[in-house]
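Asks: Here the protein sequences come in this chain order: A and G.
Residue numbering for the first sequence follows this note's numbering, beginning at 1 and increasing consecutively.
Residue numbering for the second sequence follows this note's numbering, beginning at 407 and increasing consecutively.
2 protein chains.
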Amino acid sequence: MDEYVMPNGMVVLGEPMAGVGSVAFDFMLPAGAAWMPPGCCGASNVISEWIFRGAGARDSRQLGDALDALGVQRSTSIGSTHIYIGGALESSNLAQALALYADVILNPLLNDEQFEPARQLVVEELASLDDEPRQRVMLELRKRFYPDPLGRSTLGEMEDLQDLTAETTKEIAESYLNVPQTIFSVAGKYDFEAVRRQIESVFGPREGAPLSPREIESTGPRYTHIPNEGAQVHIGLMTATARFVDDDYYNARTAVSVLSGGMSSRLFTEVREKRGLCYAIGARYHSLKEAAGITCYAGTTPDKAQETLDVIVGEFGRLAEGITEEELARAKIGLKSSVILHSESSSSRAGAIGSDYYMLGRVRSLDEIKERIEATSVDSVLGFLRSNPFREYTVVTIGPQEVRVE
Amino acid sequence: MDEYVMPNGMVVLGEPMAGVGSVAFDFMLPAGAAWMPPGCCGASNVISEWIFRGAGARDSRQLGDALDALGVQRSTSIGSTHIYIGGALESSNLAQALALYADVILNPLLNDEQFEPARQLVVEELASLDDEPRQRVMLELRKRFYPDPLGRSTLGEMEDLQDLTAETTKEIAESYLNVPQTIFSVAGKYDFEAVRRQIESVFGPREGAPLSPREIESTGPRYTHIPNEGAQVHIGLMTATARFVDDDYYNARTAVSVLSGGMSSRLFTEVREKRGLCYAIGARYHSLKEAAGITCYAGTTPDKAQETLDVIVGEFGRLAEGITEEELARAKIGLKSSVILHSESSSSRAGAIGSDYYMLGRVRSLDEIKERIEATSVDSVLGFLRSNPFREYTVVTIGPQEVRVE
Chain A
1 MDEYVMPNGM
11 VVLGEPMAGV
21 GSVAFDFMLP
31 AGAAWMPPGC
41 CGASNVISEW
51 IFRGAGARDS
61 RQLGDALDAL
71 GVQRSTSIGS
81 THIYIGGALE
91 SSNLAQALAL
101 YADVILNPLL
111 NDEQFEPARQ
121 LVVEELASLD
131 DEPRQRVMLE
141 LRKRFYPDPL
151 GRSTLGEMED
161 LQDLTAETTK
171 EIAESYLNVP
181 QTIFSVAGKY
191 DFEAVRRQIE
201 SVFGPREGAP
211 LSPREIESTG
221 PRYTHIPNEG
231 AQVHIGLMTA
241 TARFVDDDYY
251 NARTAVSVLS
261 GGMSSRLFTE
271 VREKRGLCYA
281 IGARYHSLKE
291 AAGITCYAGT
301 TPDKAQETLD
311 VIVGEFGRLA
321 EGITEEELAR
331 AKIGLKSSVI
341 LHSESSSSRA
351 GAIGSDYYML
361 GRVRSLDEIK
371 ERIEATSVDS
381 VLGFLRSNPF
391 REYTVVTIGP
401 QEVRVE
Chain G
407 MDEYVMPNGM
417 VVLGEPMAGV
427 GSVAFDFMLP
437 AGAAWMPPGC
447 CGASNVISEW
457 IFRGAGARDS
467 RQLGDALDAL
477 GVQRSTSIGS
487 THIYIGGALE
497 SSNLAQALAL
507 YADVILNPLL
517 NDEQFEPARQ
527 LVVEELASLD
537 DEPRQRVMLE
547 LRKRFYPDPL
557 GRSTLGEMED
567 LQDLTAETTK
577 EIAESYLNVP
587 QTIFSVAGKY
597 DFEAVRRQIE
607 SVFGPREGAP
617 LSPREIESTG
627 PRYTHIPNEG
637 AQVHIGLMTA
647 TARFVDDDYY
657 NARTAVSVLS
667 GGMSSRLFTE
677 VREKRGLCYA
687 IGARYHSLKE
697 AAGITCYAGT
707 TPDKAQETLD
717 VIVGEFGRLA
727 EGITEEELAR
737 AKIGLKSSVI
747 LHSESSSSRA
757 GAIGSDYYML
767 GRVRSLDEIK
777 ERIEATSVDS
787 VLGFLRSNPF
797 REYTVVTIGP
807 QEVRVE
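Pasting the structure below:
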């Protein structure tokens, strides 16, 4: 594990991987959806598009050409707290790729004439959600489950996007692409000393006033139905659990794995296999630094929607009543297997080490994760579930018919 | 590269990968959608679900428990020619996982009482497509582009699924899960001698009459519009190109990369960046053994649908008019970069070596692929495009409005 904190506060992390020829990197910029000023939901998304439309001495076209000439597989995503700007490529071109990304972050042109097409693309992306009820239900769910602004839509809100100007967006970009709060991570094949020196030489001289997250307000309504003439009812459900930073994190993860970890998991067995209620069913753990929940998605026909929701809520509740040793053993091996498989992808590792550092201030080793999963027991998981019962469920449905939420 | 052909014809392939602790494997069973008897479209999908509902001495529940206890991350998919049944896991449990999969393939219980829920799940999966126009348009496109039955829906057709009985499906499973035509592949960390011995001991004694694909008939209509009250027009377009088995394969792949390989690619620049016509746009190469095409998807608002289609068709046509050296260099490095990144995933490699063998009767090395990409030139790509001009486009749209197809 490589780690270096620059005098200005920016963090440089690295995880070498044996036997790979690729390298992946990620810049975590403190400009996520929850940090945007009021009335600017979606500005993060527009910024992530706009900064790639010309930077340093290159216009939009030249920048695209230069990145493609290095074979960079670009990845950009927006989270609650960060914009993630990453890339993966054959390792010999890493230094040149980092120089281009440094320009994108530190010297984006942010030309007025490139603002409108960038904004328009985000508007199109948001509009296309209407035809993607499965994605939409989960976005709407997070908005209502997390206290505002933590769950704000990472795509943006149409009303805010319509009003967004180049001037406002530029001001936001200038203050939120804040170097001292940036975390850079790299995984795969690289020379840490060279990477560290390069990053420090360009990002080292930059200072910035520390940004704080916005104040946390109240959560949304417990049940929301969004009418839609589609064929299915899309059900999203979320309930609070231990956060990534909490001692009970591994107990919470193991509990989710009992619910939804594999073919023999409870939701899969009860909803899909035995009752044939729906094809797509699954629960996942989701955590921000400040709050966490277990999310569950199910898509089913209107006549089966109520039964599907009832069975799901029943299985969540039944969890604290008892778990067998065999069930727990399967849940643990499923989790460990997933950790091992993810650990072999450079992109996945670059993302994971940056996220660990943001959450914990340090990076967990693969051995630590496996040991902590191993250390959970039927007693520890049940103890956790009984002292932290699922009290409330936030539910969103999209479809031709509502459900009854107790 | 490890390779072994059993006396009965079944093929065992392996690709060791340095530095990984996982192993992935895939069974390619000659029971894909195009091989199903008339009136049984979707039987492949039901079979792939049904065979996991109990096998050998284990009922459905016990089999799920046993697979989860090994930490197997199961993957199943249906293609035109094959059912792919795969898994990925920590390598020490490989032998036990293979024993369970061998049971699933050779000794599935195929109980009558498990047939109906298996069929019902596939019906649900197909019904859910109504709310996924983006996926649906591409399935409908392949149906019309490929000569029947090659492009048949891998999910199934509702009419056929409604009529499917346990008896018919069992007969199909018994003849199409044909061992001598099965290709097994493994990639990651494994001992080939041990794997080969285990596979041969269980699959070696099995014989089977060779199956032939169904006779190839005519292709579907050039333009189909499927009315839908959604927010967007989903456009799918496909046109014929060189097959995977043809000499011009790498010229075709490079041409697609010029069209749609990265930020600087033509479709991305013309449709997305300059005109802001849509958020999602991309072209891909798709090949069966018998035929191949370039597919293109775009999702856009009704008022921009016609312009989007016209620009796409314009860019396809303009390709043969000229390509610059820089453009070709970027297309080639983009392709090579993608090859390198995929080569580092055990699941991706297990799938790729099986597919190579089915298509070519041998597995291409990473070096061969890189060299062949490198060997393409502006002259070779333009020469290919000019002697094989895009003559016809098959187009499918789903949305509130038709487009005009010239």
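Yeah, the Cβ is synthetic: ideal placement off N, Cα and C, and Gly gets one too.
Among A:37, A:207, A:296 and A:261, which residue has its Cα nearest to the Cα of residue 332 of chain A?
Replies: A:261
Asks: Leaving out five residues before and five after residue 499 of chain G in sequence, what residues of the same chain have Cβ atoms less than 7 Å from its Cβ?
Replies: 476 and 477
Asks: Could you tell me which uninterrupted beta strand (DSSP E) segments, each at least 3 residues in length, are contained entirely in the region 576 to 627 of chain G, listed from first to last along the chain?
Replies: 589 to 594
Asks: Indicate the three-state DSSP secondary structure (helix, strand or coil) for residue 720 of chain G in the structure shown.
Replies: In this structure, residue 720 of chain G counts as helix in the three-state DSSP scheme.
Asks: Compute the Euclidean distance between the alpha carbons of residue 230 of chain A and residue 801 of chain G, then round it to the nearest angstrom.
Replies: 24 Å
Asks: Cβ atoms of residue 759 of chain G and residue 593 of chain G: under 9 Å apart, would you say?
Replies: yes
Asks: Leaving aside the five residues before and after residue 223 of chain A along the sequence, list all residues of the same chain whose C-beta is less than 6 Å from its C-beta, in chain order.
Replies: 395 and 405
Asks: When Cβ atoms are compared, which residues of the region 299 to 324 of chain A fall closer than 9 Å to chain G?
Replies: 299, 300, 301 and 304
Asks: Starting from the beta carbon of residue 333 of chain A, find every residue of chain G whose beta carbon is closer than 8 Å, and list them in chain order.
Replies: 474, 475, 476 and 477
Asks: To which residues of the same chain is residue 542 of chain G closer than 7 Å at the C-beta, ignoring the five residues directly before and after it?
Replies: 535 and 804
Asks: Rank G:808, G:604 and G:589 by C-alpha distance to the C-alpha of residue 769 of chain G and give the top, closest one.
Replies: Of G:808, G:604 and G:589, the residue nearest in Cα terms is G:589.
Asks: Does residue 488 of chain G have its Cβ less than 9 Å from a Cβ in chain A?
Replies: With respect to chain A, the C-beta atom of residue 488 of chain G has no partner C-beta closer than 9 Å.
Asks: Based on the DSSP output, what are the partners of residue 28 of chain A in its beta bridges?
Replies: Beta bridge pairing from DSSP links residue 28 of chain A with A:84 and A:183.
Asks: Which residue wins for smallest C-alpha separation from residue 179 of chain A, given the options A:390, A:6 and A:365?
Replies: The shortest Cα separation from residue 179 of chain A among A:390, A:6 and A:365 belongs to A:6.
Asks: Of the residues that make up the region 618 to 649 of chain G, which ones have a beta carbon closer than 8 Å to any beta carbon in chain C?
Replies: As a matter of chain content, chain C is missing from the structure shown, whose protein chains are A and G.
Asks: Distance check for residue 234 of chain A and residue 323 of chain A, CA to CA, integer angstroms please.
Replies: Their Cα atoms are separated by approximately 29 Å.
Asks: So, at 8 Å on beta carbons, what are the nonlocal neighbours of residue 649 of chain G in its own chain, with the 5 sequence-adjacent residues on each side left out?
Replies: Result list for residue 649 of chain G: 655, 693, 694, 695, 696, 697 and 698, in chain order.
Asks: How far does the alpha helix (DSSP H) with residue 754 of chain G in it reach, from first residue to last?
Replies: 752 to 766
Asks: Looking only at DSSP bridge pairs, what is residue 479 of chain G linked to?
Replies: Residue pairing from DSSP places residue 479 of chain G in a beta bridge opposite G:494.
Asks: By DSSP, does residue 669 of chain G sit in helix, in strand, or in coil?
Replies: coil
Asks: Relative to the C-alpha of residue 26 of chain A, which residue among A:145, A:60, A:98 and A:37 is closest?
Replies: A:98
Asks: Rounded to the nearest angstrom, how far is the Cβ of residue 447 of chain A from that of residue 152 of chain A, given a contact under 8 Å?
Replies: Nothing can be reported for residue 447 of chain A: it is not among the residues displayed for chain A, which extend from 1 to 406.
Asks: In the DSSP assignment, what are the bridge partners of residue 341 of chain A?
Replies: Answer is none; residue 341 of chain A lacks a bridge partner.
Asks: Since I believe residue 622 of chain G is in contact with residue 556 of chain G (beta carbons under 8 Å), could you give me their beta-carbon distance rounded to a whole number of angstroms?
Replies: The pair is a contact, with the Cβ atoms about 7 Å apart (cut-off 8 Å).
Asks: State the start and end residues of the unbroken alpha helix (DSSP H) segment that holds residue 544 of chain G.
Replies: 539 to 551
Asks: Indicate whether at least one CB of chain A lies closer than 9 Å to the CB of residue 675 of chain G.
Replies: Yes, its Cβ sits closer than 9 Å to a Cβ of chain A.
Asks: When we look at the beta-carbon of residue 114 of chain A and count the other beta-carbons within 10 Å, is it buried (16 or more) or exposed?
Replies: Residue 114 of chain A should be labelled buried.
Asks: Ends of the beta strand (DSSP E) at residue 3 of chain A?
Replies: 2 to 5
Asks: Just the C-alpha distance for residue 90 of chain A and residue 401 of chain A, rounded to the nearest angstrom, thanks.
Replies: Looking at the two C-alpha atoms, the distance is approximately 50 Å.
Asks: Please report the distance separating the alpha-carbon of residue 210 of chain A from that of residue 176 of chain A.
Replies: The straight-line gap from Cα to Cα measures roughly 9 Å.
Asks: Give a yes or no on whether the C-beta atoms belonging to residue 42 of chain A and residue 140 of chain A are separated by under 9 Å.
Replies: no
Asks: When DSSP builds the beta bridges, which residues end up paired with residue 379 of chain G?
Replies: With chain G running from 407 to 812 in the structure shown, residue 379 of chain G is simply not present.
Asks: Output needed for residue 408 of chain G: all residues of its chain with C-beta closer than 6 Å, excluding positions within five of it in sequence on either side, in chain order.
Replies: 420 and 598
Asks: By Cβ distance below 6 Å, which residues in the same chain neighbour residue 687 of chain G in space, the five residues on each side in sequence not counted?
Replies: 673, 677, 678 and 704
Asks: Go through its chain and collect everything with a Cβ distance to residue 74 of chain A's Cβ below 7 Å, but skip five positions before and after it.
Replies: 67 and 87
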